[in-house]
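Note sheet for the following structure.
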Amino acid sequence: MTSHSPTQTRRSTPMRVLALSAAVAATLVATVLAAPGQAAVAAPVNLSQGKPATASSVENADYTPASAAFDGDAGTRWSSLWSDPQWIQVDLGQESTIDRVDLRWEGAYAKAYEIQVSDTGTGGWTTIHSTTTGPGGTESLDVDGEGRFVRLQGTARANGYGYSLWEFQVFGTAGTDPTDPTDPTDPGEVDPGHPNEPGPFTTPSVVEVAGGDGGWSLQVNGKPYTVKGFTWGPSFAEADTYMPGLTGMGANTTRTWGTGADTKTLLDSAAEHGVRVVNGFWLLPGGGPGSGGCINYTTDTTYKSTTKTDILNWVEVYKSHPATLMWSVGNESLLGLQNCFSGDVLEAERNAYAAYVNEVAVAIKAIDPNHPITSTDAWTGSWPYYKANTPALDLLAVNSYGDVCNIQETWEDGDYDWPYIVTEGGAAGEWEVPDDANGVPDEPTDIEKGEALRDSWRCITEHEGVGLGATFFHYGLEGDFGGVWFNVNPGGNKRLGYYTVADMWNGSAAGGNTPPRITSMSIPSSGSIVAGEPFTFGLSVSDPDGDPLKYVTFFNSKYIDNAGGVEYVEHQRSGDAITVVAPQKLGVWKAYVFVEDGKGNVGVETRSFKVVPPAVSGTNVALGKTATASSFQTWGDNYSPGRAFDGDPATRWSAEWAPTGWIQVDLGSPKAFDRFQLVWEAAYAKSYEVQTSNDGTSWSTVKTVTGGDGGIDTFDAAGTARYVRLNLTERGTEWGYSLFEVGVYDLP
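Per our numbering, the sequence shown starts with residue 29, numbered consecutively.
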């Protein structure tokens with residue numbers, strides 16, 4: 029029995045590497061993520077990821093901070109207040125040469141802005157790029173400048189919102205001080221694990237997998253060691269801030285997915301706080317389904333050679349660091365290969381990947397015989413490939429969530445001669461839970477997630493002499509869709525799962541002030557929430573410590589447009605009843621309520637709701653009729669005019685990007701009508717005319733609309749005609765025009 033089928037859909041990748049699913053050149057370990065045929069060492073270096081950031085303002089301090097634009101997470105963002113001007117800047121830590129800046133805007137983008145550099149961050153700014161025609165979306169800017177601080181100065185917004193960036197990445201070459209004794213990349217310097225680094229761990233450790241035949245143990249300096257930890261989520265630069273929270277759970281271990289120059293910051297902090305680190309190395313196509321970059325392990329000798337060289341370089345750098353516990357080569361690549369190949373080719377590639385992991389493991393052992401080596405994947409169905417091809421591993425590893433209690437049976441059935449650790453785990457994920465009444469995965473409650481951690485730990489430790497511990501997922505700060513599902517400290521606030529773990533691991537936080545409990549959340553008529561109208565959901569909330577509580581509400585549209593972030597929404601509260609205004613976009617949304625106690629704790633609950641258009645009585649005389657338009661996009665999905673009249677709110681007509689356009693429908697014969705309902709996509713018309721004709725040539729205007737704001741337009745316009753046209757005269761965005769549905773109604 030396996031932890032999950034290799035063809036089963038699952039979450040794409042951990043929060044710290046979410047950006048990899050959207051762009052292979054994410055910045056966990058830029059040198060490892062070269063495309064096939066590239067030398068890994070030639071990849072551009074992201075100087076800004078995880079570095080300290082500040083901004084002129086933030087929309088919400090917990091969930092849209094400046095740091096979110098530099099965390100490498102494609103699902104978090106910085107968002108400013110709704111005014112001009114605004115700025116956001118990052119401290120690179122040292123004077124650096126800047127040659128490229130990548131911006132990935134949310135819908136609230138800058139039409140006019142400057143990229144500036146400074147040595148001090150408080151003045152002396154030099155502009156290295158400026159524009160007054162910013163296009164939004166993703167921008168890659170070739171620049172030429174030097175400085176320690178890089179700033180985006182926004183001077184004109186493109187719309188009525190503020191400025192919002194999913195990612196702000198600065199590429200170039202970091203300056204190094206040859207006299208700095210802590211620079212691990214300088215071969216003339218002291219080892220990064222030199223005893224002059226303060227903390228409980230001041231000397232290199234010797235770690236081994238001892239015993240055998242079902243009686244294994246992990247030994248650190250000759251003493252038994254059970255891995256009790258969480259995957260690391262905050263930026264490495266914030267390690268000193270958040271490491272005490274990790275140890276407060278009783279954790280002794282954390283895990284990374286990539287290892288590079290910035291890893292020293294994390295290792296130093298871990299050593300100081302008595303934590304050891306599973307240092308990961310990213311291999312393509314990491315992160316399981318949906319993640320980036322296919323690679324051919326049977327033939328691509330260049331990728332394999334350069335990647336191995338890079339891995340061995342960092343093993344040499346960090347093998348003597350006191351915090352190093354073990355090495356983990358690859359993450360979910362065996363599963364991810366199914367997105368690149370199929371059939372016999374897939375099997376050959378999986379065997380070649382496992383053989384390559386063995387080649388790397390042998391090379392690591394030649395450099396560092398004092399720390400064990402594992403390789404992790406997303407399901408125990410990967411283990412037969414390691415059994416057949418990777419004898420150099422010292423232990424197995426697996427990312428397993430709702431199915432973790434089946435690992436022991438899998439291990440016994442497979443007759444494996446290794447112990448294992450769980451390198452990610454926790455509550456059942458999207459791919460493991462049943463759908464709710466609205467047809468989307470039914471997310472476990474806060475209380476259920478805490479108990480899932482307890483149950484997982486029990487199943488691992490009950491496999492005595494084989495299950496050597498776990499790094500659960502996830503000690504992260506994100507309060508987005510994935511963060512709410514898995515993180516134990518979103519926004520830096522501790523959830524019930526945090527204290528559940530502290531209790532079972534005898535952490536110092538056990539028995540302290542604990543979070544509010546949300547024991548129920550319900551949305552009446554959740555399958556038919558009218559767009560733009562208020563609706564109320566009920567909560568049952570208590571706080572065991574009697575603290576005054578603050579409520580914060582958000583929406584998420586992942587099941588409509590794959591958005592990972594959450595959108596702050598205003599609410600009115602009466603007791604435990606929360607009233608909010610429904611969004612305009614149709615489809616299934618999720619509503620979140622965060623209940624904070626002011627003591628660093630939070631309870632989080634979420635439910636889905638389906639947004640539907642306001643009901644219109646009468647007959648839609650345009651439904652399914654023939655439609656034409658001034659233009660329509662031909663790439664990707666079908667965006668032809670008929671999509672706006674097919675009655676399906678998930679399909680749409682989308683015009684080419686032009687300042688004007690039209691779409692019309694042939695009713696087949698003259699029909700009477702009284703009312704219209706237009707369901708706009710984000711690309712809406714600010715001004716338009718409703719026109720009618722009986723010959724499709726001569727038109728009469730029966731309605732003129734100005735000042736439109738998108739969403740859903742429902743209005744009266746009476747007439748009798750065979751043809752009805754929307755003459756679109758002014759765009760509301762820089763895009764073209766796009767309609768999910770056009771309804772033309774004959775009222776009873």
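The beta carbon of each residue, even a glycine, is placed where N, CA and C say it ideally should be. Just so we're clear, the structure is a prediction, and the values are computed from it rather than from any experiment.
Can you tell me where the alpha helix (DSSP H) with residue i in it begins and where it stops?
i	result
Ile339	Thr329 to Tyr346
Arg378	Gly371 to Ile395
Thr150	Thr150 -> no alpha helix (DSSP H), and no H or E assigned at all.
Trp439	Ile435 to Gly442
Tyr413	Trp411 to Asn417
Thr160	Per DSSP, Thr160 belongs to no alpha helix (DSSP H) and is neither H nor E.
Gly364	Ser361 to Gly364
Lys292	Thr291 to Glu300
Gly273	Ala267 to Gly276
Lys653	Per DSSP, Lys653 belongs to no alpha helix (DSSP H) and is neither H nor E.
Tyr586	Looking at the sequence itself, residue 586 is Lys, so the reference to Tyr does not match. Looking at the DSSP string, the run of the alpha helix (DSSP H) that includes Lys586 is Lys586 to Asp589.
By the DSSP assignment, the beta strand (DSSP E) with residue i in it spans what residues?
i	result
Glu490	Taken as a continuous stretch (DSSP letters only), Glu490 belongs to no beta strand (DSSP E), being part of the alpha helix (DSSP H) at Asp474 to Glu490.
Phe509	Run containing Phe509: none in the beta strand (DSSP E); it sits in the alpha helix (DSSP H), Phe509 to Phe514.
Val255	Val255 to Trp260
Met549	Arg545 to Ser550
Asp531	From DSSP, Asp531 is part of no beta strand (DSSP E) but of the alpha helix (DSSP H) over Leu524 to Met532.
Asp774	Ser766 to Asp774
Ile606	Ala605 to Val609
Short of 8 Å in beta carbon distance, which residues of its chain neighbour residue i, apart from the five on each side in sequence? Order them along the chain.
i	result
Glu492	none
Ile156	Ile126, Ile143, Gln144, Val145, Val171, Asp172 and Gly173
Thr757	Thr688, Ala713, Ser715, Tyr716 and Glu717
Ile435	Ser31, Thr408, Val426, Ser428, Tyr448, Val450, Cys487, Ile488, His491 and Gly495
Ala89	none
Using a Cβ-Cβ cutoff of less than 7 Å, which residues in the same chain neighbour residue i once the five nearest sequence positions on both sides are dropped?
i	result
Met354	Val235, Val306, His399, Pro400, Ile401 and Thr402
Leu832	Outside the displayed span of the chain (29 to 776) sits residue 832, for which this structure offers no information.
Asp774	Gly646, Thr647, Val649, Lys699, Ala700, Phe701 and Asp702
Asp474	Arg523, Leu524, Ile546, Gly631, Val632 and Glu633
Phe565	Met549, Ser550, Ile551, Ile606, Ala619 and Arg635
Glu684	Ser659, Gln661 and Gly764
Return the Cβ separation of residue i and residue j in integer angstroms, given the expectation that the two are a contact with Cβ distance under 8 Å.
i	j	result
Trp106	Ala96	5 Å
Gly497	Val255	3 Å
Ser636	Gln661	Actually they are not in contact, since the Cβ atoms of Ser636 and Gln661 sit about 30 Å apart, beyond 8 Å.
Trp513	Glu471	6 Å
Gln114	Ser158	Not quite, the Cβ-Cβ distance comes to about 16 Å (not below 8 Å), so this is no contact.
Trp708	Gly735	So it is not a contact: roughly 14 Å between Cβ atoms.
Gly453	Phe501	6 Å
Leu363	Ala406	4 Å
Could you give the distance in angstroms between the alpha-carbon of residue i and the alpha-carbon of residue j?
i	j	result
Pro220	Arg128	Unreliable positioning characterises Pro220 in this predicted model, as indicated by a pLDDT of 31, which lies under 50. A coordinate reading is not provided.
Asp741	Val198	42 Å
Val639	Val609	11 Å
Trp727	Gly560	32 Å
Gly239	Ile395	23 Å
Thr761	Gly689	14 Å
Gly764	Ala94	31 Å
Val60	Thr335	Per-residue confidence for Val60 stands at a pLDDT of 28, beneath the threshold of 50, marking its modelled position as unreliable; the derived number appears in the next sentence. In a straight line, the C-alpha of Val60 is about 6 Å away from that of Thr335.
Pro669	Ser361	41 Å
Phe196	Leu524	33 Å
Pro262	Ile551	33 Å
Pro572	Thr352	39 Å
Gly510	Pro611	21 Å
Leu423	Gly358	14 Å
Val21	Trp285	With the chain covering 29 to 776 only, the question about residue 21 has no answer from this structure.
Leu295	Ile588	40 Å
Tyr137	Leu193	7 Å
Thr287	Ala265	14 Å
Glu87	Arg283	31 Å
Phe258	Ala686	50 Å
Glu598	Ser233	52 Å
Thr748	Gly675	22 Å
Leu56	Gly100	Bear in mind that the predicted position of Leu56 carries a pLDDT of just 26, short of 50, making it unreliable; the figure below should be weighed with that in mind. Distance between the alpha carbons of Leu56 and Gly100: 7 Å.
Thr720	Val730	7 Å
Within 9 Å (strictly less), CB to CB, does residue i reach chain E?
i	result
Gly288	The chain labelled as chain E is not found in the depicted structure, where only one protein chain is given.
Note down, in chain order, each residue of its chain lying with its Cβ closer than 6 Å to the Cβ of residue i, except the 5 sequence neighbours on either side.
i	result
Lys347	Asp396
Leu312	Gly321 and Ile323
Thr592	Sequence check: residue 592 is Gly here, not Thr. Counting only Cβ-Cβ distances below 6 Å, and skipping sequence neighbours, we find Gly103, Asp508 and Phe509.
Cβ contact (3+ pairs, closer than 8 Å) linking the segment 378-395 and the segment 336-355: With three or more CB-CB distances shorter than 8 Å, the segment 378-395 counts as touching the segment 336-355.
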